[in-house]
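The sequence shown: position 161 = 444 (the working numbering), numbered continuously.
Structure first, then comments.
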Amino acid sequence: MSELIRLVYASRAAFEPVPVKQGVEPSVGRILMQSRRNNAHANIGGVLYFGDGYFFQALEGERQAVNQAYRRIAADLRHREVTILSLKTVSERFFADWSMKYVPAEEAVKQFIRSHNYQRFEPLKFQETEAEALIELFHSYGDAGAKIKKKGGWFGLRKLFAS
Numbered sequence: 284m285s286e287l288i289r290l291v292y293a294s295r296a297a298f299e300p301v302p303v304k305q306g307v308e309p310s311v312g313r314i315l316m317q318s319r320r321n322n323a324h325a326n327i328g329g330v331l332y333f334g335d336g337y338f339f340q341a342l343e344g345e346r347q348a349v350n351q352a353y354r355r356i357a358a359d360l361r362h363r364e365v366t367i368l369s370l371k372t373v374s375e376r377f378f379a380d381w382s383m384k385y386v387p388a389e390e391a392v393k394q395f396i397r398s399h400n401y402q403r404f405e406p407l408k409f410q411e412t413e414a415e416a417l418i419e420l421f422h423s424y425g426d427a428g429a430k431i432k433k434k435g436g437w438f439g440l441r442k443l444f445a446s
């Protein structure tokens with residue numbers, strides 16, 4: 284087996300987010316569906332958070348598969364300023380059961396931001412230790428209803444696109 288890695292990156296959305304009362308922003312929902320499909324096929328796991336127009340994501344898996352996924356993301360026109368915040372070898376996955384876990388951790392992220400002396404969620408400014416700390420927080424946080432496990436599971440489209 285190849286080397287297991289966790290890559291954490293942030294990017295700015297190239298689209299104007301649509302305000303939603305409940306569920307996931309529609310463009311983010313489409314990215315989630317595509318990511319879950321691609322990642323499950325490549326045996327990649329991870330977590331995604333979207334807030335204040337920024338993506339913050341961790342990808343876990345074999346080095347070659349994660350690097351290929353990252354190159355695809357960096358070339359995706361829905362992302363700008365794609366920046367790696369952390370890249371390290373890991374002995375185990377935090378998100379082994381998730382092709383892509385989505386966390387709507389608004390309040391938890393606000394607390395995290397305040398505790399690190401930021402005014403708003405701007406992950407492109409994060410140090411590696413801050414990025415890793417936020418991934419630790421997301422590791423312990425629940426998913427936003429739209430859950431797909433690599434082997435079996437379900438995908439709640441109505442919950443995903445509820446507004």
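Glycine included, every Cβ here is placed at the ideal spot set by N, Cα and C.
Treat the numbers as computed from the prediction; the structure is a model and nothing was measured.
Cβ-based neighbour list, R403, same chain, cut-off 6 Å, excluding 5 preceding and 5 following: D335
On a CA-only basis, which of N350, L407, P309 and G312 is nearest N326? Give me that one, please. N350
Mind checking V301: buried by the 16 CB within 10 Å criterion, or exposed? exposed
Under three-state DSSP, which class holds V392? helix
Length of the line joining the Cα atoms of R320 and S382: 8 Å
For a test of the three-state rule: what should DSSP assign to R295, helix, strand or coil? strand
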